[in-house]
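J.:
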Amino acid sequence: MTPKDFAKQSGNESAATRLLSSWMTPHRIPAAIYTDPEIYALELERFFYGHHWSYVGLEVELPNSGDFKTTFIGERSVIVVRAPDGEIHVLENRCRHKGIRLVQAPFGSVGDTRRFICPYHRWCYKLDGKLVGVPYRNGVQGQGGYPADFSLKDLGLVRLQVACYNGAVFASFDADVEPFKDYLGPTIEPFMRRTFNGEPLRVLGYNRQRIRGNWKLMQENIKDPYHPGLLHAFFITFGLWRADQKSRMVMDQHGRHACMISARNLGGQNEEVTGGVNSFQEDLKLSDPSVIDVQHEPWWGEHTVVMQTIFPSVIIQQQVNSLSTRQIIPVSVDCFDFVWTHFGYKSDDDAMTRRRLNQANLFGPAGYVSLEDGEVIEFSQQSHATYSGGECLAELGGRDCEPTEHMVTETLIRSMYQYYQSVMRP
Amino acid sequence: MTPKDFAKQSGNESAATRLLSSWMTPHRIPAAIYTDPEIYALELERFFYGHHWSYVGLEVELPNSGDFKTTFIGERSVIVVRAPDGEIHVLENRCRHKGIRLVQAPFGSVGDTRRFICPYHRWCYKLDGKLVGVPYRNGVQGQGGYPADFSLKDLGLVRLQVACYNGAVFASFDADVEPFKDYLGPTIEPFMRRTFNGEPLRVLGYNRQRIRGNWKLMQENIKDPYHPGLLHAFFITFGLWRADQKSRMVMDQHGRHACMISARNLGGQNEEVTGGVNSFQEDLKLSDPSVIDVQHEPWWGEHTVVMQTIFPSVIIQQQVNSLSTRQIIPVSVDCFDFVWTHFGYKSDDDAMTRRRLNQANLFGPAGYVSLEDGEVIEFSQQSHATYSGGECLAELGGRDCEPTEHMVTETLIRSMYQYYQSVMRP
Amino acid sequence: MTPKDFAKQSGNESAATRLLSSWMTPHRIPAAIYTDPEIYALELERFFYGHHWSYVGLEVELPNSGDFKTTFIGERSVIVVRAPDGEIHVLENRCRHKGIRLVQAPFGSVGDTRRFICPYHRWCYKLDGKLVGVPYRNGVQGQGGYPADFSLKDLGLVRLQVACYNGAVFASFDADVEPFKDYLGPTIEPFMRRTFNGEPLRVLGYNRQRIRGNWKLMQENIKDPYHPGLLHAFFITFGLWRADQKSRMVMDQHGRHACMISARNLGGQNEEVTGGVNSFQEDLKLSDPSVIDVQHEPWWGEHTVVMQTIFPSVIIQQQVNSLSTRQIIPVSVDCFDFVWTHFGYKSDDDAMTRRRLNQANLFGPAGYVSLEDGEVIEFSQQSHATYSGGECLAELGGRDCEPTEHMVTETLIRSMYQYYQSVMRP
Amino acid sequence: MNVVEEGPGARIGYIIQRLALSDLYQAYADSLDRGDLERWPGFFTEDGSYRAQARENFDRGLPLAAMFCQGRGMFQDRVTVIAKVMVYAPRTTQHVVGMPRVIETGGGEIHARAQFCVYHTLPHEPTALLAVGRYEDRVVEDIGGRLRFRERTAVYDTLLLPNSLVYPL
Amino acid sequence: MNVVEEGPGARIGYIIQRLALSDLYQAYADSLDRGDLERWPGFFTEDGSYRAQARENFDRGLPLAAMFCQGRGMFQDRVTVIAKVMVYAPRTTQHVVGMPRVIETGGGEIHARAQFCVYHTLPHEPTALLAVGRYEDRVVEDIGGRLRFRERTAVYDTLLLPNSLVYPL
Amino acid sequence: MNVVEEGPGARIGYIIQRLALSDLYQAYADSLDRGDLERWPGFFTEDGSYRAQARENFDRGLPLAAMFCQGRGMFQDRVTVIAKVMVYAPRTTQHVVGMPRVIETGGGEIHARAQFCVYHTLPHEPTALLAVGRYEDRVVEDIGGRLRFRERTAVYDTLLLPNSLVYPL
Ligand code: FES
Ligand code: FES
Ligand code: FES
Ligand SMILES: [Fe+3]
Ligand SMILES: [Fe+3]
Ligand SMILES: [Fe+3]
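Taken in sequence, the protein lines are chains A, B, C, D, E and F.
When you line the first sequence up against our numbering, it's residues 1 to 426, in that order.
When you line the second sequence up against our numbering, it's residues 427 to 852, in that order.
When you line the third sequence up against our numbering, it's residues 853 to 1278, in that order.
When you line the fourth sequence up against our numbering, it's residues 1279 to 1447, in that order.
When you line the fifth sequence up against our numbering, it's residues 1448 to 1616, in that order.
When you line the sixth sequence up against our numbering, it's residues 1617 to 1785, in that order.
#1: Just to confirm, is the Cβ distance from residue 714 (chain B) to residue 1354 (chain D) under 9 Å?
#2: Measure the alpha-carbon distance for residue 804 (chain B) versus residue 389 (chain A) and round it to whole angstroms.
#3: Mind checking who residue 552 (chain B) pairs with in its DSSP beta bridge?
#4: Between residue 1408 (chain E) and the rest of its own chain, which residues show a CB-CB distance below 7 Å, the 5 nearest in sequence each way excluded?
#5: Any contact between the stretch 213 to 222 of chain A and the stretch 25 to 38 of chain A? By contact I mean 3 or more CB pairs, one from each, below 8 Å.
#6: Measuring only between beta-carbons, confirm whether residue 43 (chain A) sits less than 9 Å from chain E.
#7: Can you pull out the residues from the stretch 1349 to 1377 of chain D whose beta carbon lies closer than 7 Å to at least one beta carbon of chain B?
#8: May I ask whether a heavy atom of ligand 5 can be found less than 8 Å away from the beta carbon of residue 658 (chain B)?
#9: Based on the DSSP output, what are the partners of residue 675 (chain B) in its beta bridges?
#10: Along the chain, where does the beta strand (DSSP E) containing residue 633 (chain B) start, and where does it finish?
#11: Specify the secondary structure class of residue 495 (chain B) as computed by DSSP and reduced to three states.
#12: Is it buried or exposed, residue 1574 (chain E), if we count other Cβ atoms within 10 angstroms and call 16 or more buried?
#13: Which residues, in chain order, sit with a beta-carbon under 5 Å away from any heavy atom of ligand 1?
#14: Measuring alpha carbon to alpha carbon, tell me which residue in B:756, B:649 and B:744 is nearest residue 471 (chain B).
#15: Can you name, in chain order, every residue of its own chain whose Cβ lies under 6 Å from the Cβ of residue 96 (chain A), other than the five neighbours on each side?
#16: Would residue 1322 (chain D) and residue 783 (chain B) qualify as a contact pair, given that the criterion is a beta-carbon distance under 9 Å?
#17: State yes or no: is the C-beta of residue 227 (chain A) nearer than 8 Å to some heavy atom of ligand 3?
#18: If we define contact as Cβ-Cβ less than 9 Å, is residue 271 (chain A) a contact residue for chain C?
#19: Is it right to say residue 113 (chain A) is buried, meaning 16 or more other beta carbons lie within 10 angstroms of its own, or is it exposed?
#20: Beta-carbon separation of residue 1544 (chain E) and residue 1476 (chain E) under 9 Å?
#21: Does chain C have any CB closer than 9 Å to the CB of residue 1645 (chain F)?
#22: In chain order, which beta strand (DSSP E) runs of at least 3 residues are fully inside the stretch 1515 to 1591 of chain E?
#23: With residue 1157 (chain C) and residue 1171 (chain C) assumed to form a contact (beta carbons below 8 Å), what rounded beta-carbon distance in angstroms separates them?
#24: Does the beta-carbon distance from residue 231 (chain A) to residue 372 (chain A) come in below 9 Å?
#25: Can you check whether the C-beta of residue 790 (chain B) is within less than 9 Å of a C-beta belonging to chain C?
#26: Could you give the C-beta distance for residue 789 (chain B) and residue 718 (chain B), rounded to a whole number, given that I count them as a contact under 8 Å?
#27: Assuming contact is defined by CB atoms lying nearer than 9 Å, are residue 808 (chain B) and residue 79 (chain A) in contact in what I supplied?
#28: Using a Cβ cut-off of 8 Å, pull out every chain E residue sitting near residue 1731 (chain F), in sequence order please.
#29: Assuming contact is defined by CB atoms lying nearer than 9 Å, are residue 882 (chain C) and residue 1270 (chain C) in contact in what I supplied?
#30: Could you compute how far the alpha carbon of residue 1620 (chain F) sits from the alpha carbon of residue 1758 (chain F)?
#31: Do residue 972 (chain C) and residue 954 (chain C) have their CB atoms nearer than 9 Å?
#32: Taking 9 Å as the threshold (C-beta atoms), are residue 1147 (chain C) and residue 1174 (chain C) in contact?
#33: Run down chain D in chain order and give the residues with a C-beta less than 7 Å from the C-beta of residue 758 (chain B).
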């Protein structure tokens, strides 16, 4: 906390309010947005609990009627459940009696009961949230029970808006949220449709990490085409990345979502495009190339790598044959959980499944590439937490927020913060 | 934090103050009282450190002169000690020199010294707290030492008010606190006298849990006769509980303390009284009935189960032959320690001791019944912490705060919060 | 939090501001200065990040060009590095691009690169902090890159002021900080020069502890000649300390730094000077006297023990043959890390090194003496955190802040807080 | 070491028994950690007893245990209640148990001791320490030569348990 | 215990193998903890495989592993990338591994299991838990009589890993 | 494995020694954990030495140890000071120690190594990690055939100790 911060706190207006009122430059980012608990609380409110859609899972995770999972939107636990009619409901995981988180298991099935029953006093909810039973409602032997004007009708588990997009499930707390397709917008939606193309999916497994950094640092990381060829020596060393490879930076009409689109390089190096990276070790070779044994899939088209950041909650990864959703679950201002769901298509043959699993060595908590992203995010947070007057620079490729046909730019970060400012302004 | 909360915090009056000023409905409980640190700090002040009595132990824990224990009232450490004259003193565990917590051991004896000596500079206190020695008070060889006007008299360990009630020990920081008997009030005191009847006690042992929930959730739990026949499937499954069993809900004149009084059921079931609980598993039987091998004790009278909640700090349990005090030690707004002291009477024969120990399988951190209470309390806190605009309902049996002759009611919870509002109102 | 505190918080002026405005008595210390996060934040600002010098290490830790270490000033990570010209630089460990903590290793060498390269995007800094390389600055194949007005000049790693004092290294964030010698002042500097006399040093090793107490409690501890003969029974039991041993309490012109100077006792006891300490166990003997096998070193002069407290960050220990720096690294309002660097002189023979190592048994986390200091500091914090209205007394030897020729006084504590008040006053 | 030196046969027998003891301890932990709760009673003799007891009670001679079973029936009831009756957040445990040491042998019983730490993992939460402590055991060679506990006391140091003790230690 | 009683020779052989198994497990952990990463591939057969896999995947039959190697080449690549390619905060690990238990023997393989907990220490930070879990292993007597893993799966309970898994478990 | 194959007798001797080594390690930990501090010096030879040393010192060849004893006298002094002289909050410790591994044998000494984690429990507080690390030991067969440490170094990874190290690791 700088003396200025301190002084501010003594006034009537909080430091957070002042910062959010006055911050106008998306290319210069104040460290306080990563560390101020008041700003974080407002982010939860406006992004995760407000008029935005958040990722909650894949339909294939709930194959049968009665199957459910629990996950989080922001810090709030929600239940995702498949109703007998096949519909997916997303419900607040919060009993309306005394407010308890009534479901604990990450995955499960309600079985034949077709009900969620709160363990504490056994209030009984249908899978669409409706409250259908309250023990002793009419008392026992004429004694006690609920008052005459007590109505079950308003006491269901709160149901969220749900969008199922070819197998991907999103939800929103806001009843007035725009339709999901509009939320993505015309520039982003085609890329969503590219991966979630209606082909049935198969979950290959999960990775879960707790990363001690502010959640936005992960969004920035995947909107940053500047780092992969510099941080990820694996890409460079084994010739998988060049700064001059064909690529596009696309964002939605608000600048919040983005796609980093590129075609993997064929190997080799030259001074300009590796940025003179001195760790480039020409003599290193992979003994076993199976982690980079790529097979082109028909649905790719010309793009071999597409990283989608769907604000605020998820990244949709296609890195050649490795596919995953990466859910961002904020835990506190300086921490988030990062949940990877690797998947393929039901139609994959064994060789393709093996290929996806081999390539998974690049991703997740032990990933040759992704491990580094988690590390630098923690390095960032450590610094922001202590150099609180600090500022980050995002001026590569200029100071505007336009899409580009190259990757030598931080435009996607700027466009996200331009949107952020517009929503967070007091 | 809801946007409303956020807005409030920017004003001059804190969200806590506003909430406490405006909350009038004890049957609708705002989640913020379980999560707001400012409210919690005020609770410590007004309840634990104010004009209330808190449980600190049993006399039998300190059989000999010089025996002491350390425990907590609210977050504050206190020393309970038996002086040479047999009297019990309760002292702030805080040296008046540099304020250190001078005694660390949970149990001990000062032995022949008859003094507490602070380890840091060896200020020396009598067992009633009086400061009787300060090293180098008059300097050494004419140099240094304390000023002439330095007086030991005002620098004793602060002594609390103490009430020994037939072996149970309570203390208060407030010199003007009402007498303990008045504090209990005429409706509750007879039940206290029923268990602590002058018969010498024997401690059977301790259980200690750290529960990540607000301390009031535990008070509510034991003021809630709605849940035992619904949450505690053990009771239902093995026929030990029916909602129609004879029972009474009693509170003191302020509504803060309570007794849930009932007579254990003789087994069997019917639809109405088990609330249609679908987990009732008729085919389950206990292979060994010793955990429910009850023997009526003369002092019981007609009541087989009496659960006393003595606000704010303790529950006095009689569940058939299992007796315990359950001390509530708040640790933070979202956490408390729960300390169980199981006891019997000195006059118990071995069979009765074995019986109490067998029945102890129902209680504590691994208790067939109590484990569930700890679990649902944590489920509650998880939800309150994240759904901060939430509200709990306590409308079973109406919205008033009167005693009842049945258990189909949340009247005790309402009466506690009515009292709470009166004390906490700014 | 007392009700008064609570009330204060509801007003416009924070409790911290009010306290700092009104506290005038250095001999009576309010517990809140050990527990209030706002006060702590201001301390970081005014002491650790303001016009003070902080200890960062010993030159001998970085023998070669390119050697570096990371350490902390306050909560901020800094890099200490030896440049090719032999100069020591101290740099903020914070990349100017996205602010990450770019160096993680506690010790290391940049080797032949002579550069710090940020891992994230490989911005490249010279060892004096200058930014000398930014990948893709001019774009790739005419696309992207930094704007024309983008200047590397202002984006170096921020360089701190550095003072190398005969092998001890101090640094300051304040460009206008007074010269280090003036900072020590004429009364303290000779003692610094006594230990750091130009004789080359040898590091014997490190001890690191995390102590759950406010950082000032450690400064107080080493400014407190009242406790060693009372708390440290080892000193008393084995005759190494008497309250009447020749000693002096010296402070700098501001009262912030101090030296406790004394001559070790030759053994024996008498009632007055041991304060009647009843744990004095005459029958205990050391089976092996090697931990107290003292050999006088020429540079000592008449003093056998000199403990220097260089405010705010370090203690310079000479306890007969045991030498160390003890760095104080605040972690939060209620916690600090304590880093011991034991050293001797390069010219020590093996016997002297063995002696220093043997005597090290008295110090550090397992030290016969120092262990006790860590313990009482935690006992203090426990109490301050819960008895928030508490007050500490520092009236031994009067209420003034003058140097003394004896040790029966708390004058050094008072003088530190007099200085503290002057700096912290709003 | 209480090896009675009576030739290689006896010594081999002793060694085999030590390995069997190690296997018993590891199998016990493993079956709990993998959720095979039903196998738990079988690690005890028919008349065996089990206690999960706080060290403060153990050390001070106070008889209370957080969990107490005596005789196969009580073991089976504990299993039934855990598996079918109680409500709690699902969790997994993981024990790490030191090599058991034979303290004394006599009367057909081995008095053995081993140290343990147990972690638990709750939904959506990092793994956390549940309890550390030591086993104080009386082991016998039961029917079929299989080693079983006649008495096992899991003395846990962890005075403040993190809320619930669902499974035996 | 699957001791085939065929005289003292066989029994001694069995015992020696159990100790060798223990040594294998401890040496594996020790070489990782002391930073001898280069020795890691040598604990596996040429065609061996390794997985560090979350228990939720293992239990539900999902094939994904956080770390996966099959064949000496992939092992060596993992070592190279850890040692020479990746950027991460330096750290040390410390395993504590229980005595391995033989679950089954057959086809020249030992199916063994042991429980582990692993701590890591990062610069300027207190030691923290990295992961707990169990090893599910297939061990064979390799060339020269040395025991090696044909297959090792480190099944970790710790669903929420504390950020990075730099070294194998 | 350094088993010199000289017939079943030698092999049995080897095995017995390995078990005795395990017992030594467990008994050492157990006596500390149960507060039998007085027995601690007896685990060392008369001229034995003990160090509790931070790994950063050990690895960099810096001689400082947080705790250092050389010769029975210094051991006894450490015990006396802990038991009768120093002020500290009472606590209990709990070690979990892996099976020791013989690194090398020669000159009448066994160079052995084992990994440990140690927890401590302070009054009114949850159990917490104290330290993790490994023992680097030189063990000899002392008078009466009992195994004792000639040298034990507890190398702890835990650079930031949680305040005090009251008891030896
Ligand atoms: S809390 Fe859900 S039914 Fe009472
Ligand atoms: S703090 Fe108690 S005597 Fe000084
Ligand atoms: S953060 Fe350092 S180069 Fe980008
Ligand atoms: Fe990346
Ligand atoms: Fe209950
Ligand atoms: Fe001291």
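Idealized CB from N, CA, C, for every residue including glycine.
T.: Quick answer:
#1: The residue given as residue 714 (chain B) occupies position 288 in the second sequence. The residue given as residue 1354 (chain D) occupies position 76 in the fourth sequence. With contacts defined by Cβ atoms closer than 9 Å, residue 714 (chain B) and residue 1354 (chain D) form a contacting pair.
#2: Indexing the second sequence from 1 puts residue 804 (chain B) at position 378. Indexing the first sequence from 1 puts residue 389 (chain A) at position 389. Going by C-alpha positions, residue 804 (chain B) is about 38 Å away from residue 389 (chain A).
#3: Locating residue 552 (chain B) in the second sequence gives position 126, counting from the first residue. BP columns for residue 552 (chain B) point to B:541.
#4: In this structure chain E extends from 1448 to 1616, so residue 1408 (chain E) is not present and cannot be described.
#5: Inter-segment contact for the stretch 213 to 222 of chain A and the stretch 25 to 38 of chain A is present: three or more beta-carbon pairs are separated by less than 8 Å.
#6: Counted from its first residue, the first sequence places residue 43 (chain A) at position 43. So, not an interface residue.
#7: Taking 7 Å as the Cβ-Cβ cut-off against chain B, the residues of the stretch 1349 to 1377 of chain D that qualify are 1349, 1351, 1352, 1354, 1355, 1358, 1359, 1362, 1363, 1364, 1365, 1366 and 1367.
#8: Locating residue 658 (chain B) in the second sequence gives position 232, where the first residue counts as 1. Yes, since a heavy atom of ligand 5 falls inside the 8 Å radius drawn around the Cβ of residue 658 (chain B).
#9: Counting from 1 along the second sequence, the entry for residue 675 (chain B) is found at position 249. The partner list for residue 675 (chain B) (beta bridge, DSSP) reads B:686 and B:830.
#10: Counted from its first residue, the second sequence places residue 633 (chain B) at position 207. Residue 633 (chain B) -> beta strand (DSSP E) spans 627 to 637.
#11: The count along the second sequence starts at 1 and reaches residue 495 (chain B) at position 69. Look at residue 495 (chain B) here: in three-state DSSP terms it is strand.
#12: Within the fifth sequence, the letter at position 127 stands for residue 1574 (chain E). Buried, because 16 or more other Cβ atoms sit within 10 Å of the Cβ of residue 1574 (chain E).
#13: In chain order, the residues that have a beta carbon nearer than 5 Å to some heavy atom of ligand 1 are A:95, A:97, A:98, A:100, A:118, A:120, A:121 and A:123.
#14: Along the second sequence, read from residue 1 onward, the residue named residue 471 (chain B) stands at position 45. Closest option to residue 471 (chain B), Cα to Cα, is B:756.
#15: Residue numbering aside, residue 96 (chain A) sits at position 96 when the first sequence is read from its first letter. Correct list, in chain order: 155.
#16: Position 44 of the fourth sequence, counted from the first residue, corresponds to residue 1322 (chain D). Position 357 of the second sequence, counted from the first residue, corresponds to residue 783 (chain B). Contact: no.
#17: Here residue 227 (chain A) refers to the residue found at position 227 of the first sequence. Here the distance from the Cβ of residue 227 (chain A) to the nearest heavy atom of ligand 3 is below 8 Å.
#18: Taking the first residue of the first sequence as 1, we reach residue 271 (chain A) at position 271. Residue placement at residue 271 (chain A) is poorly supported in this model, since its pLDDT is 47, which falls under 50; the coordinates still yield a value, given next. The Cβ of residue 271 (chain A) sits no closer than 9 Å to any Cβ of chain C.
#19: By one-based count along the first sequence, residue 113 (chain A) stands at place 113. Residue 113 (chain A) should be labelled exposed.
#20: Taking the first residue of the fifth sequence as 1, we reach residue 1544 (chain E) at position 97. Taking the first residue of the fifth sequence as 1, we reach residue 1476 (chain E) at position 29. Residue 1544 (chain E) places its beta carbon less than 9 Å from that of residue 1476 (chain E).
#21: Position 29 of the sixth sequence holds residue 1645 (chain F). Nearest CB-CB separation between residue 1645 (chain F) and chain C: not below the 9 Å threshold.
#22: As far as the stretch 1515 to 1591 of chain E is concerned, its whole beta strand (DSSP E) runs of at least 3 residues are 1539 to 1544, 1548 to 1553, 1556 to 1568 and 1575 to 1588.
#23: On the third sequence, position 305 is the one that residue 1157 (chain C) refers to. On the third sequence, position 319 is the one that residue 1171 (chain C) refers to. Rounded, the Cβ-Cβ distance is 5 Å, consistent with contact.
#24: Counted from its first residue, the first sequence places residue 231 (chain A) at position 231. Counted from its first residue, the first sequence places residue 372 (chain A) at position 372. Yes. Within cutoff.
#25: Here residue 790 (chain B) is taken as the residue at index 364 of the second sequence, counted from 1. Closer than 9 Å: no.
#26: Within the second sequence, numbered from 1, the residue matching residue 789 (chain B) stands at position 363. Within the second sequence, numbered from 1, the residue matching residue 718 (chain B) stands at position 292. Beta-carbon to beta-carbon, residue 789 (chain B) and residue 718 (chain B) are separated by about 13 Å, too far to satisfy the 8 Å threshold.
#27: Here residue 808 (chain B) corresponds to residue number 382 of the second sequence, with the count starting at 1. Here residue 79 (chain A) corresponds to residue number 79 of the first sequence, with the count starting at 1. Taking 9 Å as the cut-off, the beta carbon of residue 808 (chain B) is found no closer than this to the beta carbon of residue 79 (chain A).
#28: Position 115 of the sixth sequence, counted from the first residue, corresponds to residue 1731 (chain F). What residue 1731 (chain F) touches in chain E: 1473, 1476, 1477, 1480, 1541, 1542, 1543 and 1544.
#29: Here the question's residue 882 (chain C) lines up with position 30 in the third sequence. Here the question's residue 1270 (chain C) lines up with position 418 in the third sequence. A distance of 9 Å or more separates the beta carbons of residue 882 (chain C) and residue 1270 (chain C).
#30: Locating residue 1620 (chain F) in the sixth sequence gives position 4, where the first residue counts as 1. Locating residue 1758 (chain F) in the sixth sequence gives position 142, where the first residue counts as 1. Confidence is the limiting factor: at residue 1620 (chain F) the pLDDT is only 43, short of 50, which leaves the residue's position unreliable and the question unanswerable from this model.
#31: Locating residue 972 (chain C) in the third sequence gives position 120, where the first residue counts as 1. Locating residue 954 (chain C) in the third sequence gives position 102, where the first residue counts as 1. A contact, by the Cβ cut-off of 9 Å.
#32: Position 322 of the third sequence, counted from the first residue, corresponds to residue 1174 (chain C). Position 295 of the third sequence, counted from the first residue, corresponds to residue 1147 (chain C). For residue 1174 (chain C) and residue 1147 (chain C), no; Cβs fall outside 9 Å.
#33: Within the second sequence, residue 758 (chain B) is the residue found at index 332, counting from 1. Chain D residues near residue 758 (chain B): none, gap ~14 Å exceeds 7 Å.
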